[in-house]
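K.L.:
The numbering used here numbers the first residue of the sequence shown as 23 and each following residue consecutively. Heads up, the beta-carbon is just placed ideally off N, CA and C, and yes, glycines get one too. Small disclaimer: the values here were computed from a predicted structure and weren't measured. The following block contains the structure, expressed as structure tokens.
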Amino acid sequence: YGFINTCLKSLMVEKYGEEMWEKLRLQAGVQDSFLTFEVYKDEITMQLIDKACKILGVPADMVLREFGEYFFEFCKRSGYDHMLRTLGGNLYEFIENLDALHSYLSLSYQEMNAPSFRVEKNEDGSMHLHYYSDRRGLCHIVPGIIGAAALDFFNIEISMEIVNQMEEEERTGKKEHIVFLVTQNPVFSYKERREFSSTPQYLADSEKQRENPLDKEDHEKAKTTTRERGSSVCPVRKSHWKTIRGIITLGKGKLLRGFDPVYPKSLWIDTKTFCNGLPFHMVFDKELRVKQAGVSIQKIVPGLQTTGICLDHYFRIMHPEVPFTISSIQKFINSQFVLQTRREMMPESWKQRPMLELRGQMIWMESLQCMLYLCSPLLRTLHELEERQMHIADIAPHDVTRDLILLNQQRLAEMELSNQLERKKEELRILSKHLEEEKKKTEALLYAMLPQHVANQLKEGKRVEAGEFKECTILFSDVVTFTNICAQCEPIQIVLMLNTMYLRFDRLTTVHDVYKVETIGDAYMVVGGVPVPVPTHAERVANFALGMIIAAKGVQNPVSGNPIQIRVGIHTGPVLAGVVGEKMPRYCLFGDTVNIASRMESHGVPSKIHLSSSAYQCLKYKNFEMTERGEIEVKGKGKMHTYFLIRNKTATENEIMGRP
Numbered sequence: 023y024g025f026i027n028t029c030l031k032s033l034m035v036e037k038y039g040e041e042m043w044e045k046l047r048l049q050a051g052v053q054d055s056f057l058t059f060e061v062y063k064d065e066i067t068m069q070l071i072d073k074a075c076k077i078l079g080v081p082a083d084m085v086l087r088e089f090g091e092y093f094f095e096f097c098k099r100s101g102y103d104h105m106l107r108t109l110g111g112n113l114y115e116f117i118e119n120l121d122a123l124h125s126y127l128s129l130s131y132q133e134m135n136a137p138s139f140r141v142e143k144n145e146d147g148s149m150h151l152h153y154y155s156d157r158r159g160l161c162h163i164v165p166g167i168i169g170a171a172a173l174d175f176f177n178i179e180i181s182m183e184i185v186n187q188m189e190e191e192e193r194t195g196k197k198e199h200i201v202f203l204v205t206q207n208p209v210f211s212y213k214e215r216r217e218f219s220s221t222p223q224y225l226a227d228s229e230k231q232r233e234n235p236l237d238k239e240d241h242e243k244a245k246t247t248t249r250e251r252g253s254s255v256c257p258v259r260k261s262h263w264k265t266i267r268g269i270i271t272l273g274k275g276k277l278l279r280g281f282d283p284v285y286p287k288s289l290w291i292d293t294k295t296f297c298n299g300l301p302f303h304m305v306f307d308k309e310l311r312v313k314q315a316g317v318s319i320q321k322i323v324p325g326l327q328t329t330g331i332c333l334d335h336y337f338r339i340m341h342p343e344v345p346f347t348i349s350s351i352q353k354f355i356n357s358q359f360v361l362q363t364r365r366e367m368m369p370e371s372w373k374q375r376p377m378l379e380l381r382g383q384m385i386w387m388e389s390l391q392c393m394l395y396l397c398s399p400l401l402r403t404l405h406e407l408e409e410r411q412m413h414i415a416d417i418a419p420h421d422v423t424r425d426l427i428l429l430n431q432q433r434l435a436e437m438e439l440s441n442q443l444e445r446k447k448e449e450l451r452i453l454s455k456h457l458e459e460e461k462k463k464t465e466a467l468l469y470a471m472l473p474q475h476v477a478n479q480l481k482e483g484k485r486v487e488a489g490e491f492k493e494c495t496i497l498f499s500d501v502v503t504f505t506n507i508c509a510q511c512e513p514i515q516i517v518l519m520l521n522t523m524y525l526r527f528d529r530l531t532t533v534h535d536v537y538k539v540e541t542i543g544d545a546y547m548v549v550g551g552v553p554v555p556v557p558t559h560a561e562r563v564a565n566f567a568l569g570m571i572i573a574a575k576g577v578q579n580p581v582s583g584n585p586i587q588i589r590v591g592i593h594t595g596p597v598l599a600g601v602v603g604e605k606m607p608r609y610c611l612f613g614d615t616v617n618i619a620s621r622m623e624s625h626g627v628p629s630k631i632h633l634s635s636s637a638y639q640c641l642k643y644k645n646f647e648m649t650e651r652g653e654i655e656v657k658g659k660g661k662m663h664t665y666f667l668i669r670n671k672t673a674t675e676n677e678i679m680g681r682p
């Protein structure tokens, strides 16, 4: 179920970060999120675990153990805390009832294929835990889950080691069977240990081994001694709870005096009442011959009325998946047994209906050498009840199956609603993700047209004020003999040539972090130090200009077939910058600096970078090689002293072009 994969995702995100999960899921080729009640292929989980091992560089057993520990916490957080906590009073009982928990959960998660557990106590206090699963290679999850539960619920640390790993023989079908040796030690703080060792119970336990062979009189003496020794070790307690704790066995809740049940000399219930009161029960012997059956089960399976028929002729064991023999049943006596009727042995009226399943407990009666199966119909919903043409009245009034069917009907309705909400939530998440992607595309387009802070102000509906920049460096470039090229070529050839050139120039603006102001025909304008003032504006524009000259050599003149030639002009000075217009707004620069930069370009030389004296002064001590051009007549400005930029003394061509 998606619950498992969601847990795995949560573990990766919580412990290793969102980026690690994204990397893992992309390598595994799985989706980003999973629906809790949706069934997914096992391969998805296996693939995620396999890729996690490779990415994290740790063996599978460590990943699975960590997943097991986290899965226990994840289940608690998901609302299963009380359910898990009440499974048993100690670790043995907790493990013993895991199958019952899975059986209950299968009412809601109908496609669930859970593992199975069987536990055996050893004389030295250790346990053998038998783990059965259809899925191979996941056994290392078990120590993680059981270890976390033992520490959290019972305050004990356990160690688990695999002592046997075999192909399944005890059960039908191909199953993995792992046997763990579980050893446990209590975890007490120093204070708790002192308190525990000084309680009357501790002393009573130490005396208990010596009490057994004593007669009644000595037994009373030993108890008196224990009380006296206990009071000498512990001061008089005022706390009512501590007094009670002195009487009760620590951690087990059983009176020290013990409990001996009283049985009647004869059974005060007649056969007819027993079969009516427990309408779903069967008694069978070692040869599986039916000795007795409840009235409701006789009604459904009339063959059971025949004395001496074999139970396995009419039923098959669905859970646990063991052969239908007394020895197999005795081995799994603590498990819940699910039996299903055999279609071929059912009355004609049942042939078209789904088969009836019974779930209950096996009890071995040693004196009679017979097995008692106390059970109830395994029905999840009212629909299943109707399919089998049964009624609530067919189930005994004391049987909680009545309530379970009605409650589970409501639970399934809530789950369906929850599932629909989860699906809608997932759809909204995907739509939101797509919307975010489209928003990013729109913003990228907007930021390509306007500076980011200006675009953000316009988006918010604010008026963008013009800003004055004390010093910046402006560059203009154009294509030499562009008018002649246009006269001799098709318009599409001009567009392709300019597009090829501008794409190269645009990439260089990113490399050198300069702002592209606009392009008009073959003219290309950039600025350094606007809209974000920087002290290195002149060096950035100079390096960009050197890159332009190199880049232009890779663009072909459609007329001659030779590389095109460009002129570049640079000037440094103050400008005023602001947004002009409402429709197709542009971020424009105003001031005499713009005019002079344009004049530097128009009075330049092909394949040369023409500098004004102010630009030269900014670059003079910055590792650039420059040559003096001298005084020239500039239209509208008179005589001006200008220079040519030759190269950057410290940067290579690859660095100028932003290549690796």
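According to DSSP, what are the bridge partners of isoleucine 588?
P.N.:
Answer is Val501, bridged to isoleucine 588.
K.L.:
Is the beta carbon of methionine 622 sitting closer than 8 Å to the one on serine 636?
P.N.:
Taking 8 Å as the Cβ cut-off, methionine 622 and serine 636 do not qualify as a contacting pair.
K.L.:
Take glycine 273 and list the residues in its own chain whose beta-carbon comes closer than 7 Å to its own, dropping the five residues that flank it on each side.
P.N.:
Reliability of the predicted coordinates at glycine 273 is poor, the pLDDT of 48 falling under 50, and no value is obtained from them.
K.L.:
Buried or exposed for valine 539, please, with buried defined as at least 16 other CB atoms from any protein chain shown within 10 angstroms of its CB.
P.N.:
That one is buried.
K.L.:
Can you grab the Cα-Cα spacing for the pair lysine 37 / tyrosine 537, in whole Å?
P.N.:
Cα to Cα, the separation comes out at about 42 Å.
K.L.:
Quick one: Cα of leucine 127 to Cα of leucine 106, how far?
P.N.:
Going from the Cα of leucine 127 to the Cα of leucine 106 covers about 12 Å.
K.L.:
From the DSSP secondary-structure annotation, give me the bridge partner or partners of tyrosine 609.
P.N.:
Its beta-bridge partners are Val601.
K.L.:
If you draw a straight line from the C-alpha of alanine 315 to the C-alpha of isoleucine 385, how long is it?
P.N.:
Going by the C-alpha atoms only, they are around 15 Å apart.
K.L.:
With glycine 613 and valine 597 assumed to form a contact (beta carbons below 8 Å), what rounded beta-carbon distance in angstroms separates them?
P.N.:
Glycine 613 to valine 597, Cβ: 4 Å. Contact.
K.L.:
So who's on the other strand from cysteine 392, going by DSSP bridges?
P.N.:
Looking at the DSSP assignment, cysteine 392 forms a beta bridge with Asp307, Met387.
K.L.:
Report buried or exposed for phenylalanine 296, applying the criterion of at least 16 other Cβ atoms within 10 angstroms of its Cβ.
P.N.:
It is exposed - the Cβ of phenylalanine 296 has fewer than 16 other Cβ atoms within 10 Å.
K.L.:
Using only the alpha-carbon positions, how far apart do alanine 466 and threonine 541 sit?
P.N.:
Whole-angstrom Cα-Cα distance: 19 Å.
K.L.:
Considering only the beta carbon of each residue, do proline 399 and phenylalanine 302 sit closer than 8 Å?
P.N.:
Yes, Cβ-Cβ distance for proline 399 and phenylalanine 302 is below 8 Å.
K.L.:
Per the DSSP calculation, tyrosine 546 is bridged to which residue(s)?
P.N.:
Answer by DSSP bridge pairing, in chain order: Ser499, Thr541.
K.L.:
Assess, as a yes-or-no matter, whether the stretch 321 to 329 is touched by the stretch 94 to 114 under the definition of 3 or more beta carbon pairs within less than 8 Å.
P.N.:
The stretch 94 to 114 is not in contact with the stretch 321 to 329.
K.L.:
I'd like the list of long-range same chain contacts for tyrosine 131, defined as Cβ closer than 7 Å, with 5 residues on each side in sequence excluded.
P.N.:
Answer for tyrosine 131: Tyr23, listed in chain order.
K.L.:
Does the stretch 580 to 595 come close enough to the stretch 623 to 630 to have 3 or more Cβ pairs within less than 8 Å?
P.N.:
The answer is yes - the stretch 623 to 630 touches the stretch 580 to 595, with three or more Cβ pairs under 8 Å.
K.L.:
Going by C-alpha distance, which of Ala567, Pro557, Ala509, Thr532 is nearest aspartate 500?
P.N.:
Nearest of Ala567, Pro557, Ala509, Thr532 to aspartate 500, Cα basis: Ala567.
K.L.:
Between which two residues does the alpha helix (DSSP H) harbouring arginine 140 extend?
P.N.:
Run containing arginine 140: none in the alpha helix (DSSP H); it sits in the beta strand (DSSP E), 138 to 143.
K.L.:
Quick one: grab the DSSP three-state call for methionine 182.
P.N.:
Residue state, collapsed to three classes: strand.
K.L.:
Restricting to Cα atoms, I'd like to know which of Phe491, Leu520, Ser148 is closest to valine 556.
P.N.:
Closest option to valine 556, Cα to Cα, is Phe491.
K.L.:
DSSP on alanine 488, reduced to helix/strand/coil?
P.N.:
Coil at alanine 488, not helix or strand.
K.L.:
At the level of alpha carbons, what is the spacing between glutamine 479 and glycine 166?
P.N.:
Distance between the alpha carbons of glutamine 479 and glycine 166 is about 54 Å.
K.L.:
What beta strand (DSSP E) runs, 3 residues minimum, are completely inside the stretch 56 to 117?
P.N.:
With a minimum length of 3 residues, no continuous beta strand (DSSP E) run stays inside the stretch 56 to 117.
K.L.:
Output yes or no for whether 8 Å exceeds the beta carbon distance between arginine 562 and histidine 593.
P.N.:
No, the pair does not count as a contact, with Cβ atoms beyond the cut-off.
K.L.:
Any idea what DSSP makes of asparagine 670, helix, strand or coil?
P.N.:
In this structure, asparagine 670 counts as strand in the three-state DSSP scheme.
K.L.:
Between which two residues does the alpha helix (DSSP H) harbouring leucine 641 extend?
P.N.:
Its alpha helix (DSSP H) spans residues 635 to 641.
K.L.:
Contact defined as beta carbons within less than 8 Å: I believe tyrosine 687 pairs with methionine 304. What is the distance between those atoms, to the nearest angstrom?
P.N.:
This structure gives no information on residue 687, because the portion of the chain shown stretches from 23 to 682.
K.L.:
Ignore the nearest five residues each way along the sequence and tell me which others in aspartate 83's own chain have a CB closer than 8 Å to its CB.
P.N.:
The residues are His162.
K.L.:
Counting along the chain, where does the alpha helix (DSSP H) carrying threonine 649 start and finish?
P.N.:
Per DSSP, threonine 649 belongs to no alpha helix (DSSP H); it is in the beta strand (DSSP E), 646 to 656.
K.L.:
Which class does serine 350 belong to by DSSP, given the choice of helix, strand or coil?
P.N.:
Three-state DSSP puts serine 350 in a helix.
K.L.:
On the three-state DSSP scale, how would you describe lysine 630?
P.N.:
If DSSP states are grouped into helix, strand and coil, lysine 630 belongs with coil.
K.L.:
Any idea what DSSP makes of glycine 595, helix, strand or coil?
P.N.:
Residue state, collapsed to three classes: strand.
K.L.:
Considering only residues of the same chain and omitting the five flanking positions on each side of methionine 679, which have a CB-CB separation below 8 Å?
P.N.:
Leu530, Val533, Gly569, Ile572, Ala573.
K.L.:
Count the other CB atoms, across all protein chains shown, that sit within 10 Å of the CB of histidine 199; report buried if there are 16 or more and exposed otherwise.
P.N.:
When all chains shown are included, histidine 199 counts as buried.
K.L.:
Along the chain, where does the beta strand (DSSP E) that runs through alanine 122 open and close?
P.N.:
Here alanine 122 belongs to no beta strand (DSSP E); instead the alpha helix (DSSP H) covers 120 to 127.
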